[in-house]
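**Q** First, the structure itself, so that you have it in front of you.
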Amino acid sequence: MKKQIISIILIAALYACSSGLPQLGKAPIDQVISSMTLEEKVRLVVGTGMAGFTGDSAVVGETKNLVPGAAGTTYPIPRLGIPAVVLADGPAGLRINPTREGDAATYYCTHFPIGTLLASTWNQELVEEVGKAIGNEALEYGADILLAPALNIHRNPLCGRNFEYYSEDPIISGKIAAAYVRGVQSNGVGTSIKHYAVNNQESNRMQVDARVSSRALREIYLKGFEITVKESAPWTVMSSYNYLNGVYTSESKELLTTLLRNEWDFNGMVMTDWFGGKDPIAQMQAGNDMLQPGTDKQYEAILQGVKDGTLDETILDRNVKRILEIILQTPRFKGYQYSNKPDLQAHAAVTRQSATEGMVLLKNNNQALPLTADVKKVALFGCTSYDFIAGGTGSGNVNRAYTVSLLDGLKNAGYELNEELKQLYEQHIINENKRNKPGDTNKMAMFLPLSRPTELLPSAETLREQVELSDIALITLGRTSGEFVDRTINDFNLRKEEYTLLQNVCKAFHAAGKKVIVVLNIGGVIETASWKDLPDAILCAWQAGQEGGNSVADVLSGKSSPSGKLTMTFPAKYTDDISSANFPTDGAMSSMDFGNPGEKKTEIKDWDYTNYEEDIYVGYRYFDTFNKQVSYPFGYGLSYTTFEYTNAAIKTENGIFTVSVDVKNTGPAAGKEIVQLYVTAPDAAGMNKPAKELKAFAKTRELKPGETATIHLTVKSYDLASYDEASSTWVTDAGKYTFLVGSSSRDIKATLQAEATASKEKTTDILKLQADIRRLKR
Numbered sequence: 001m002k003k004q005i006i007s008i009i010l011i012a013a014l015y016a017c018s019s020g021l022p023q024l025g026k027a028p029i030d031q032v033i034s035s036m037t038l039e040e041k042v043r044l045v046v047g048t049g050m051a052g053f054t055g056d057s058a059v060v061g062e063t064k065n066l067v068p069g070a071a072g073t074t075y076p077i078p079r080l081g082i083p084a085v086v087l088a089d090g091p092a093g094l095r096i097n098p099t100r101e102g103d104a105a106t107y108y109c110t111h112f113p114i115g116t117l118l119a120s121t122w123n124q125e126l127v128e129e130v131g132k133a134i135g136n137e138a139l140e141y142g143a144d145i146l147l148a149p150a151l152n153i154h155r156n157p158l159c160g161r162n163f164e165y166y167s168e169d170p171i172i173s174g175k176i177a178a179a180y181v182r183g184v185q186s187n188g189v190g191t192s193i194k195h196y197a198v199n200n201q202e203s204n205r206m207q208v209d210a211r212v213s214s215r216a217l218r219e220i221y222l223k224g225f226e227i228t229v230k231e232s233a234p235w236t237v238m239s240s241y242n243y244l245n246g247v248y249t250s251e252s253k254e255l256l257t258t259l260l261r262n263e264w265d266f267n268g269m270v271m272t273d274w275f276g277g278k279d280p281i282a283q284m285q286a287g288n289d290m291l292q293p294g295t296d297k298q299y300e301a302i303l304q305g306v307k308d309g310t311l312d313e314t315i316l317d318r319n320v321k322r323i324l325e326i327i328l329q330t331p332r333f334k335g336y337q338y339s340n341k342p343d344l345q346a347h348a349a350v351t352r353q354s355a356t357e358g359m360v361l362l363k364n365n366n367q368a369l370p371l372t373a374d375v376k377k378v379a380l381f382g383c384t385s386y387d388f389i390a391g392g393t394g395s396g397n398v399n400r401a402y403t404v405s406l407l408d409g410l411k412n413a414g415y416e417l418n419e420e421l422k423q424l425y426e427q428h429i430i431n432e433n434k435r436n437k438p439g440d441t442n443k444m445a446m447f448l449p450l451s452r453p454t455e456l457l458p459s460a461e462t463l464r465e466q467v468e469l470s471d472i473a474l475i476t477l478g479r480t481s482g483e484f485v486d487r488t489i490n491d492f493n494l495r496k497e498e499y500t501l502l503q504n505v506c507k508a509f510h511a512a513g514k515k516v517i518v519v520l521n522i523g524g525v526i527e528t529a530s531w532k533d534l535p536d537a538i539l540c541a542w543q544a545g546q547e548g549g550n551s552v553a554d555v556l557s558g559k560s561s562p563s564g565k566l567t568m569t570f571p572a573k574y575t576d577d578i579s580s581a582n583f584p585t586d587g588a589m590s591s592m593d594f595g596n597p598g599e600k601k602t603e604i605k606d607w608d609y610t611n612y613e614e615d616i617y618v619g620y621r622y623f624d625t626f627n628k629q630v631s632y633p634f635g636y637g638l639s640y641t642t643f644e645y646t647n648a649a650i651k652t653e654n655g656i657f658t659v660s661v662d663v664k665n666t667g668p669a670a671g672k673e674i675v676q677l678y679v680t681a682p683d684a685a686g687m688n689k690p691a692k693e694l695k696a697f698a699k700t701r702e703l704k705p706g707e708t709a710t711i712h713l714t715v716k717s718y719d720l721a722s723y724d725e726a727s728s729t730w731v732t733d734a735g736k737y738t739f740l741v742g743s744s745s746r747d748i749k750a751t752l753q754a755e756a757t758a759s760k761e762k763t764t765d766i767l768k769l770q771a772d773i774r775r776l777k778r
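Everything in the sequence shown is counted per the working numbering, starting at 1 for the first residue and increasing by one.
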């Protein structure tokens with residue numbers, strides 16, 4: 001079949017050459033477009049669909065003619081030299097089918113660390129290297145555009161896709177995403193930054209209306225996208241599912257053209273999220289160039305729209321041109337001979353090493369970690385120790401060859417694990433998975449997070465045996481999440497069995513003078529305040545990809561020193577998060593009727609609409625401004641060594657503020673430190689300002705004991721601006737600004753001050769413009 005398709009394409013190409021038709025890449029693009037039929041133009045702006053779809057529903061990920069398991073393709077026009085190109089998930093690594101019909105070979109990809117972990121490295125150079133490895137696999141497996149990275153804000157701890165996203169802070173989100181994009185695109189394959197914009201919940205994600213102020217939109221929810229576009233030039237942007245203040249984002253000209261293209265100078269292509277939006281004509285007019293994965297209904301609507309004058313053909317031509325400009329850059333157009341054999345062994349080493357740098361040491365009493373040389377035998381508790389979670393589910397998942405459990409990681413590091421305890425847990429997990437198995441009628445089960453096993457509670461006798469046989473106890477607590485559903489409060493809190501396990505193990509081992517370590521194998525924030533005093537140490541390992549068990553063992557053993565810091569706040573309890581007043585907590589599943597969003601039939605709070613009443617006070621901006629107690633603050637993380645900050649200074653020149661500080665390793669081990677620069681703005685009449693906002697950060701190289709590095713951080717006058725809604729202007733107020741050099745938002749090492757002159761940058765109020773257009777249409 002594949003040979004037949006190639007033959008047809010070659011014959012068509014030969015015919016095109018002999019007939020004198022303009023060819024993409026040889027003739028000017030406008031000439032190629034003028035030679036296209038109306039039907040061909042419409043086919044190009046609508047994806048080729050997904051095998052298995054009937055009408056408006058389908059099984060995701062079957063692109064059999066090119067790369068099986070890729071998310072989608074574009075429409076080929078061989079007579080004009082236009083090939084189909086392949087679009088593939090996702091943020092933690094390429095997601096394609098690992099096996100193919102009639103093919104004995106396997107096509108596994110590397111599962112890299114999740115976005116939350118990558119961001120927790122605060123290391124842009126490292127993230128760029130990870131991006132290079134991911135991009136190489138995309139290239140060698142024949143994908144042209146990777147549908148990643150995802151950089152929506154952690155507005156609330158329960159968002160089901162927080163594991164894919166980076167932070168509650170837009171500076172971290174934008175800088176990490178930009179590094180990821182640079183790495184992937186260095187291979188000559190494209191990226192699609194997503195989900196643009198304000199896609200902060202999975203509950204009713206295709207119909208929920210995110211109601212946000214212009215200021216919060218600009219300062220919090222769009223700033224990361226602005227940074228990524230300006231610093232890394234992604235090939236494409238993916239519009240989100242949700243409404244934004246009453247308009248689907250994929251149908252908002254103000255968002256996709258006025259802001260993205262006119263203000264930020266984006267010159268790539270915009271595509272929908274899969275089945276996003278409702279009105280194909282409005283999407284074309286807004287500047288949403290391509291509709292994915294594509295349906296016959298969309299094709300017919302656009303075709304008819306041009307014929308009856310509802311859609312100006314010049315707009316269609318504009319969108320076609322943007323798509324062709326991207327196709328020209330792709331490996332498939334350039335004839336790259338992909339190998340289907342990326343260096344998976346080398347990439348496994350990349351994911352193993354990169355993961356260690358994003359793990360966050362939350363607690364380490366009496367130097368419980370790293371494990372000392374006399375610790376040989378480990379009592380391993382917790383179902384997740386034996387069933388380690390590589391990452392989240394849905395489009396962020398990766399079809400990998402293996403996942404290293406913590407059990408195997410510790411064994412590989414030379415530790416001894418009790419076989420009887422292992423067998424006890426493994427049988428319990430088998431029984432629990434049978435009980436939690438989804439029904440055969442649930443066709444989307446493969447994309448949904450499975451229920452975790454109820455925690456096993458070892459008997460008193462088993463505990464006594466393990467205390468006697470082991471040098472230390474280790475407990476792993478796990479959480480998984482994914483697309484289509486948000487987490488619940490019960491998932492945020494510890495379950496009764498988990499808390500009892502912690503109490504029982506800590507009591508038994510501490511009575512014998514032995515330590516207890518907790519490992520968190522999680523994708524997002526969980527409650528820690530009620531139990532963190534129980535164990536001796538807590539390591540937040542996040543979800544580290546396929547080498548997770550090895551990466552954790554590297555940190556526990558001291559082979560790698562933890563240097564990650566939190567990119568989000570851990571509240572003392574869920575309701576302490578201000579957004580909890582406006583977020584769904586019941587875990588209701590989103591509609592699976594992708595092709596028929598339909599009209600809203602209800603107006604249920606936090607389902608049909610969500611009010612962002614906290615405005616700009618997201619995460620630490622709220623907790624620090626209003627002095628709310630937290631379990632762990634933004635930017636927090638311990639090390640196996642200590643650091644001293646000295647000689648902090650600030651210099652101002654031509655509206656650029658440069659802060660320098662010396663960081664010295666004053667402890668016993670080598671390590672890296674993350675320097676964070678926060679700014680407190682002067683009070684401005686009529687405009688509330690947060691107590692502090694992150695404006696820059698840097699990570700030192702690995703410093704040996706006694707070694708010093710000088711860090712330089714720069715902030716531009718524009719970076720100090722707040723968005724004034726009344727005038728639709730970025731305003732930097734004149735006055736004295738306080739620059740705070742810290743190791744977290746609540747551990748400030750040096751305070752500096754500098755004067756800034758007033759400046760303004762006028763913009764378009766896209767929300768007002770959007771509202772005006774809606775009124776005119778009515």
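By construction, the Cβ of each residue, glycine as well, lies at the ideal position given by its N, Cα and C atoms. All values derive from a computational prediction rather than experimental measurement.
1. With H, G and I counted as helix, E and B as strand and the rest as coil, what does DSSP make of residue 501?
2. Which residues mark the beginning and the end of the alpha helix (DSSP H) in which residue 383 is found?
3. Straight-line CA distance for residue 295 to residue 362?
4. With C-beta atoms as the reference, is residue 137 less than 8 angstroms away from residue 159?
5. Which same chain residues, not among the five before or five after residue 512, have their C-beta less than 7 angstroms away from its C-beta?
6. Report the three-state DSSP secondary structure of residue 623 (helix, strand or coil).
7. Considering only C-alpha positions, which residue in the set 344, 455 and 351 is nearest to residue 381?
8. Straight-line CA distance for residue 213 to residue 155?
9. Report the three-state DSSP secondary structure of residue 663 (helix, strand or coil).
10. In its own chain, which residues sit with a C-beta less than 6 angstroms from the C-beta of residue 608, not counting the 5 before and 5 after it?
11. Is the beta carbon of residue 240 sitting closer than 8 angstroms to the one on residue 276?
12. Buried or exposed: where does residue 581 fall if 16 or more other Cβ atoms within 10 Å of its Cβ makes it buried?
13. Which residue from 80, 101 and 289 puts its Cα closest to that of residue 68?
14. To the nearest angstrom, how far is it from the Cα of residue 404 to the Cα of residue 204?
15. Classify residue 430 as buried or exposed, calling it buried when 16 or more other Cβ atoms lie within 10 Å of its own Cβ.
16. Would you kindly work out how many angstroms separate the C-alpha atoms of residue 413 and residue 116, rounded to a whole number?
17. Mind pulling the alpha helix (DSSP H) runs of 4 or more residues that sit fully within the stretch 373–412?
18. From the DSSP secondary-structure annotation, give me the bridge partner or partners of residue 743.
19. Please list, in chain order, all residues of the same chain as residue 396 whose beta carbon is under 6 angstroms from its beta carbon, the five residues on each side excluded.
20. Using the Cβ count rule (16 or more neighbours within 10 Å means buried), how would you classify residue 224?
21. Any contact of the stretch 612–623 with the stretch 637–652, i.e. 3+ C-beta pairs under 8 angstroms?
22. Please name the residue in 549, 527 and 510 whose C-alpha comes closest to that of residue 536.
23. Our contact map puts residue 146 next to residue 189 with C-beta atoms below 8 angstroms; I'd like the distance itself, whole angstroms only.
24. In or out: residue 283 buried (at least 16 other Cβ within 10 Å) or exposed?
25. Identify, in the order they occur along the chain, each residue of the same chain with its Cβ nearer than 7 angstroms to the Cβ of residue 566, setting aside the five sequence neighbours on each side.
26. Taking only three categories from DSSP, how would you classify residue 299?
27. Give a yes or no on whether the C-beta atoms belonging to residue 505 and residue 538 are separated by under 8 angstroms.
28. Return the bridge partner residues of residue 269 from the DSSP annotation.
29. DSSP has residue 318 in a bridge; who is on the other side?
30. If you run the structure through DSSP and keep just helix, strand and coil, what is residue 709?
31. How long is the line joining the alpha carbons of residue 369 and residue 66, rounded to whole angstroms?
32. Please report the distance separating the alpha-carbon of residue 670 from that of residue 326.
**A** Short version:
1. helix
2. 383–386
3. 48 angstroms
4. no
5. 467
6. helix
7. 455
8. 14 angstroms
9. strand
10. 600 and 602
11. yes
12. exposed
13. 101
14. 34 angstroms
15. exposed
16. 26 angstroms
17. 383–386 and 406–412
18. DSSP, once it has assigned bridges, lists no residue as partnering residue 743.
19. 90, 91, 92 and 164
20. buried
21. no
22. 510
23. 6 angstroms
24. buried
25. 120, 360, 632, 634, 635, 636 and 637
26. helix
27. no
28. 236
29. Note: residue 318 sits in no beta bridge, so no partner.
30. strand
31. 49 angstroms
32. 45 angstroms
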